[in-house]
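Residue numbers (the UniProt record's numbering): 1 to 234. Glycine included, every Cβ here is placed at the ideal spot set by N, Cα and C. Quick caveat, the model's predicted, so the values are computed rather than measured.
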Amino acid sequence: MGDTDLGLSLSFPHHHLRTTSQHHHPLTSSDRNYEARSFLRGIDVNRPPSASEECEDDAGVSSPNSTLSTISGKRSEREANAEDERTSSRGAMSDEDDGENCRKKLRLSKDQSAVLEESFREHNTLNPKQKLALAKQLGLRPRQVEVWFQNRRARTKLKQTEVDCEFLKRCCENLTEENRRLHKEVQQLRALKLSPHFFMHMSPPTTLTMCPSCEHVSVPSTAAAPTPRIVLGP
DNA sequence: TGGACTCGCCCGCTTACATCA
DNA sequence: GTTGATGTAAGCGGGCGAGTC
1 MGDTDLGLSL
11 SFPHHHLRTT
21 SQHHHPLTSS
31 DRNYEARSFL
41 RGIDVNRPPS
51 ASEECEDDAG
61 VSSPNSTLST
71 ISGKRSEREA
81 NAEDERTSSR
91 GAMSDEDDGE
101 NCRKKLRLSK
111 DQSAVLEESF
121 REHNTLNPKQ
131 KLALAKQLGL
141 RPRQVEVWFQ
151 NRRARTKLKQ
161 TEVDCEFLKR
171 CCENLTEENR
181 RLHKEVQQLR
191 ALKLSPHFFM
201 HMSPPTTLTM
211 CPSCEHVSVP
221 STAAAPTPRI
231 VLGP
């Protein structure tokens, strides 16, 4: 893990805080700290979302009447999500999470993963309906299902890249070997050419002729077929 | 009809955390 | 118990297509 960017990214997204505070909640410094902590601490991926969360996550985000619509769409979506997260996080501050730790219980359960895997095998992208259904089935937020599919696609692509890379590596090795073999063959032919027995073992001149100047071997000019050439290059 | 804007989705990169050797 | 490697959930920025005005 690189530590070089730590100055830019602490344990919570600054952009969310900055933009949301600008556009929605003019928070004091301590307010922002509280928001930042609760934003991370309260998230429990295994906590089944409330019905309102399920709706808000997808449908509520892009309300055309929202003041967020004045911002870029992408940003408004994320900020709304973040706001949603913070709001629900505060509400979800349970006893077990009531500590200084944040982002606990990050892992999905085996059952959840299995269902997601099965769904991914059927189709590696989800339409909104499928996403909502899957989220409801698994007791996750739609955003979590979406993220899981994104990460899963990325893993698949990475694996495929590794496989392709291995294949190309083997191709390269084979070509190198073939190249070495051909070079060796050329050397043998050159040595044969220089030997006095070379012309004695040649076929009669009626089938093949070699131009003494350009070292091309060709069939007689009367033949209709294209002239095969053996070039003994440098 | 073309351009500006918004929205939703995706991808690539990155970080934080969990788990394991 | 500590540590480094690895896996993975999630955040962020940016690109792109579709819809709307």
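N- and C-terminal bounds of the alpha helix (DSSP H) containing SER109: For SER109, there is no enclosing alpha helix (DSSP H), since its DSSP letter is neither H nor E.
Let me know if ALA135 comes out buried or exposed under the rule of 16 or more other beta-carbons within 10 Å of its beta-carbon.
Around the beta-carbon of ALA135, 16 or more other beta-carbon atoms lie within 10 Å, marking it buried.
Original post:
Taking the Cβ atom as the reference point for each residue, do ARG143 and ASN124 lie within a distance shorter than 9 Å?
Top reply: Not in contact: ARG143 and ASN124 (Cβ atoms no closer than 9 Å).
Output yes or no for whether 9 Å exceeds the beta carbon distance between PHE120 and PHE167.
Cβ atoms of PHE120 and PHE167: not closer than 9 Å.
Note to self: Measuring alpha carbon to alpha carbon, tell me which residue in ARG155, LYS169, VAL145 is nearest LEU126.
What the structure shows: Among ARG155, LYS169, VAL145, the Cα nearest to that of LEU126 belongs to VAL145.
- prompt: Which residue from GLU118, GLU122, LEU138 puts its Cα closest to that of SER109?
  reply: Cα-wise, what sits closest to SER109 is LEU138.
In three-state terms, what does DSSP make of SER119? SER119 falls in the helix class under three-state DSSP.
Can GLN160 and LEU140 be called in contact, C-beta distance under 9 Å? For GLN160 and LEU140, no; Cβs fall outside 9 Å.
Exposed or buried, what is LEU194 when buried is set at 16 or more other beta-carbons lying within 10 Å of its beta-carbon? So LEU194 ends up on the exposed side.
### Query
Between which two residues does the alpha helix (DSSP H) containing ARG190 stretch?
Run containing ARG190: 142-194, per the alpha helix (DSSP H) assignment.
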